[in-house]
Amino acid sequence: MTAVDDVRTSIKIPPDVRIILVFGQESAGKTTFVNNITGSNYPINDSFGDAVCTQEPTVAVTTIDGKTVAFADTTGFWSGRRHAESVFNQVSHFLEGQIGPTWDITAVLYFYALKDFTVFADVTREAEDNMKTFVDFLRKLGTDFENVGLVISHWEVYEPSEPIQRVSWLDGTRECSSMIRRGANVFHLENNLESCQQLALSLLERPPTELKLLKEPFNTSRFYIGSEAELVASLLTKKTELENMKLARLQREISPCCPRGTIGADWRVIQI
Ligand SMILES: Nc1nc2c(ncn2[C@@H]2O[C@H](COP(=O)(O)OP(=O)(O)OP(=O)(O)O)[C@@H](O)[C@H]2O)c(=O)[nH]1
Ligand SMILES: [Mg+2]
């Protein structure tokens, strides 16, 4: 396996190149993987700060097993800095410029570091939310999930029993298990070149899948903390969802003693 070239974002990816998209939580090791596999030297996020995060998609190309492979590294998700939705929109826009409205993708990777799970409830919740957003995004693109790889990193940071506990928690999450049921593979990535190469080789075993570009910006309307405007919009959406939930509960509670139709969508629920 030899590093051939780094392709800057302004250069189009040639049609016969196998493409691997690398997504995931901030600081999960995406750029480290891409650098390892392509011999590139993109900055890695050593201090968990915005300045060193990957700020925009970058592509690095190498030759693996006689095939030319382009790895598209992307911005990591993290609340307050970059929400998953905006990363997916950024990448869609980028790929449209690079390849056009449909993409033959060999693999879509989702990196998660073991540190992102079960340490603090809010960190775990955010990791779960990001994974949900990832699944929504893939469904909209029309993937069959067999080209999806869930890549777990940062194993050596923990005592042997702890990763097992964390991975079993992850296995139990709905998004993860539904992706695996639909054919996604889970990869255990060690922090070394050999492990990166093994991962790349197994990804190339499958034929590419065709993904179609979204006509409109991707938006899940999920609650998250982003910019002030995003926060206000999310809060309003959440408020409506809560009011609808209260209304539905009220309808369920009252319906046995109330004539059908007396509680409707035009009722304003003040307090329960
Ligand atoms: N312990 C350990 N550290 C790792 C591993 N992979 C990457 N790192 C370190 O994790 C930090 C973040 O790595 P990056 O490759 O920049 O992570 P990233 O996912 O590209 O981060 P963003 O671009 O900010 O989303 C760096 O300090 C790496 O050296 C791993 O498997 N184990
Ligand atoms: Mg990076």
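Each residue of the sequence shown is one higher than the last, beginning at 6 in my numbering. Ideal Cβ placement from N, Cα and C applies to all residues, glycine included.
Query raised in the report: With distances taken between CB atoms, is the gap from N196 to S158 smaller than 9 Å?
Result: Here residue 196 corresponds to residue number 191 of the sequence shown, with the count starting at 1. Here residue 158 corresponds to residue number 153 of the sequence shown, with the count starting at 1. The answer is yes: Cβ separation under 9 Å.
Query - Given 8 Å, three or more beta-carbon pairs between the region 21-33 and the region 106-120 - result: With a cut-off of 8 Å, the region 106-120 and the region 21-33 count as touching, because enough Cβ pairs lie within range.
Query raised in the report: Quick one: any contact between the region 145-153 and the region 58-72, if contact means 3 or more CB pairs under 8 Å?
Result: no
Report task. Determine the burial state of Y229: buried for a count of at least 16 other Cβ atoms within 10 Å of its Cβ, exposed for fewer. Result -> Residue numbering aside, residue 229 sits at position 224 when the sequence shown is read from its first letter. Note that Y229 scores a pLDDT of 47, beneath 50, so its modelled location is shaky; the value from the coordinates is reported in the next line. Buried, since its Cβ has 16 or more Cβ neighbours within 10 Å.
**Report entry** The alpha helix (DSSP H) enclosing S200, as first and last residue numbers
**Finding:** Your numbering for residue 200 matches position 195 in the sequence shown. Its alpha helix (DSSP H) spans residues 198-208.
**Report entry** Under the three-state DSSP convention, the category S45 falls into
**Finding:** Your numbering for residue 45 matches position 40 in the sequence shown. Coil, per DSSP.
Report task. Grab the span of the alpha helix (DSSP H) containing V92 for me, first residue to last. Result -> Stepping through the sequence shown from its first residue, residue 92 is reached at position 87. Looking at the DSSP string, the run of the alpha helix (DSSP H) that includes V92 is 89-104.
Requested in this report: Can you tell me which of D141, A205, A132, E133 puts its alpha carbon nearest to the alpha carbon of F93?
Outcome: The residue you call residue 93 lines up with position 88 of the sequence shown. When each option's Cα is compared against that of F93, the closest is D141.
Report task. Can you tell me which of L216, K72, C58, I49 puts its alpha carbon nearest to the alpha carbon of L209? Result -> Numbered from its first residue, the sequence shown carries residue 209 at position 204. Selected option, being the one with the closest Cα: K72.
Query raised in the report: With respect to 8 Å, is the separation between the Cβ of V22 and the closest non-hydrogen atom of ligand 1 below this value?
Result: Residue 22 sits at position 17 when you count from the first residue of the sequence shown. No; taking the cut-off as 8 Å, the Cβ of V22 has no heavy atom of ligand 1 nearer than that.
Report task. Have a look at the DSSP bridge pairing and note the partners of Q30. Result -> The residue labelled residue 30 in the question sits at position 25 within the sequence shown. F82, per the DSSP bridge assignment.
Query - Helix, strand or coil at R23 according to DSSP, with G and I counted as helix - result: Translated into the one-based positions of the sequence shown, residue 23 becomes position 18. Correct three-state label for R23: strand.
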